[in-house]
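For reference, the structure is listed below as structure tokens.
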Amino acid sequence: MNKTHLGHTARKRFGQNFLNDTFVIEQIVDAINPADGENLLEIGPGLGALTDPVCERVNALTVIELDRDLAERLRHHPFHNKKLTIIEQDALTVDFTPLAKDGALLRVFGNLPYNISTPIMFHLFKYAHLIQDMHFMLQKEVVNRLAASPGNKNYGRLSIMTQYYCQVQPVLNVPPGAFIPPPKVDSAVVRLAPHKQPPVDVADVKTLERVSTMAFNQRRKTIRNSLKECISETQLRELGLDPVRRAETLSLEDFAIIANWVHEHDSIEN
Ligand code: SAM
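Sequential numbering of the sequence shown, starting at 1218, is according to the working numbering.
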């Protein structure tokens, strides 16, 4: 299988699958709809499949690229190098606060390295208040999980946490053939728009995450069983939640009610 594209051999450890389908690329850029003057930020520009068409529409774009060779290529980009601010760093370690210059909210996008796409999203959620929206290419299965509602087989911790921070909108499915080299899985683009006001009141986000992890680790069990370490059956009833329900039937609001009680009573050990 051909792993070399535009003279660069794809590095598996950096999750490099380069977009190579103009129609798909156009649809993604149209979905992002970048405009001049916006605070645009791309994660993993690679060989510029999205960077180039975005730069054709705007005068400035910040990119974060970990691969030293690819960052170097972008520094010498024949047309767009003057428009680019290149941060050669692991996106997981980037402090996004100084990038939201003069209060201009960030518009983040990227065809993310699939091996670390979830940690990158969770890292960005910490800066949700500085972000206008995010458009990411992910494994289709991950997009299904982000967007899933209660009762759906894909509904889980990722759905709860993402929907706490963002409005989730699947945008486009992308087949493996759109990439060089083709990934083994189907892909999809999703739009994540951070809520201006959280949809539910959560006293401590870490507790929401811990409670949902605990509940979904044993998703076939009743919450009376899966959450017994942190909340009793009687207490669940007092909160208005039937203890024989299973995690996948609970809404974000239900999880918030449990997490707030647990946080207040501090009954999960770190
Ligand atoms: N945007 C290009 C495209 O669509 O063809 C490349 C996408 S490729 C799936 C992922 C890109 O993210 C690669 O350029 C890779 O080097 C870069 N990358 C991998 N890990 C990274 C990290 N931790 N921080 C920043 N960039 C990373």
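Just so it is clear, CB atoms sit at the ideal spot from N, CA and C, and this is done for glycine as well.
Helix, strand or coil, according to DSSP, for Val1275 in the structure here? coil
Take the Cβ of Asp1284 as the centre, count every other Cβ of all protein chains shown within 10 Å, and call the residue buried at 16 or more, exposed below. buried
Where Gly1232 and Tyr1331 are concerned, what is the direct C-alpha to C-alpha distance, given to the nearest angstrom? 6 angstroms
Any chance you could list the alpha helix (DSSP H) runs of at least 4 consecutive residues sitting entirely within the segment 1330 to 1367, in chain order? 1334 to 1342 and 1357 to 1364
Taking 6 angstroms as the cut-off, is the beta-carbon of Gly1261 closer than that to any non-hydrogen atom of the ligand SAM? yes
Cβ neighbours of Val1461 in the same chain (closer than 7 angstroms, five flanking residues each side left out): Thr1439 and Arg1441
With a CB to CB cut of under 6 angstroms and the five nearest residues on each side skipped, what residues in its chain are close to Ser1334? Leu1355
Pairs of beta-carbons, one from the segment 1343 to 1353 and one from the segment 1322 to 1329, closer than 8 angstroms: are there three or more? yes
Hey, His1346 and Ala1420: beta-carbon distance below 7 angstroms or not? no
Return the residue from the list Pro1398, Thr1239, Glu1358 and Asn1477 that minimises the CA-CA distance to Ser1376. Glu1358
Whole-angstrom distance between Leu1278 and Lys1300, CA atom to CA atom: 6 angstroms
Nearest-angstrom Cα distance between Asn1371 and Lys1220? 32 angstroms
Thinking C-alpha only, which one of Ala1227, Ala1317, Ile1475 and Arg1362 is nearest Lys1423? Ile1475
Rounded to whole angstroms, what's the CA-CA distance from Ala1364 to Val1407? Just pull it up for me. 9 angstroms
Nearest candidate by alpha-carbon position, reference Ile1303, set Lys1343, Ile1260, Phe1296 and Pro1295: Ile1260
Can you give me the Cβ contacts of Gln1386 inside the same chain, cut-off strictly under 6 angstroms, excluding the 5 residues immediately before and after it? Arg1408
Suppose contacts are defined by Cβ-Cβ distances below 7 angstroms. Is Asn1383 in contact with Pro1416 by that definition? Per the sequence shown, the amino acid found at residue 1383 is Cys instead of Asn. Cβ distance not < 7 angstroms, so Cys1383 and Pro1416 don't count as in contact.
Whole-angstrom Cβ separation of Ala1248 and Leu1389, contact assumed at under 8 angstroms? 7 angstroms
Using a Cβ-based criterion (distance less than 6 angstroms to any ligand heavy atom), does Phe1503 qualify as near the ligand SAM? Any question about residue 1503 goes unanswered here, given that the chain covers just 1218 to 1487.
Let me know the secondary structure DSSP gives Asp1471 once reduced to three states. helix
For Val1388, does the three-state DSSP call read helix, strand or coil? strand
Range of the contiguous beta strand (DSSP E) that encloses Glu1282: Neither: Glu1282 is in no beta strand (DSSP E) and is coded neither H nor E.
Report the residue from Glu1282, Gly1254 and Arg1290 whose alpha carbon sits nearest the alpha carbon of Leu1322. Gly1254
Quick one: is Val1360 buried, meaning 16 or more other Cβ sit within 10 Å of its Cβ, or exposed? buried
Any heavy atom of the ligand SAM closer than 6 angstroms to the beta-carbon of Pro1330? yes
Could you say which of Val1311, Gly1224 and Pro1400 lies nearest to Met1338 if we only look at CA atoms? Val1311
Between which two residues does the alpha helix (DSSP H) harbouring Glu1426 extend? Val1422 to Asn1434
Tell me the residue span of the alpha helix (DSSP H) that contains Phe1240. Thr1239 to Ile1249
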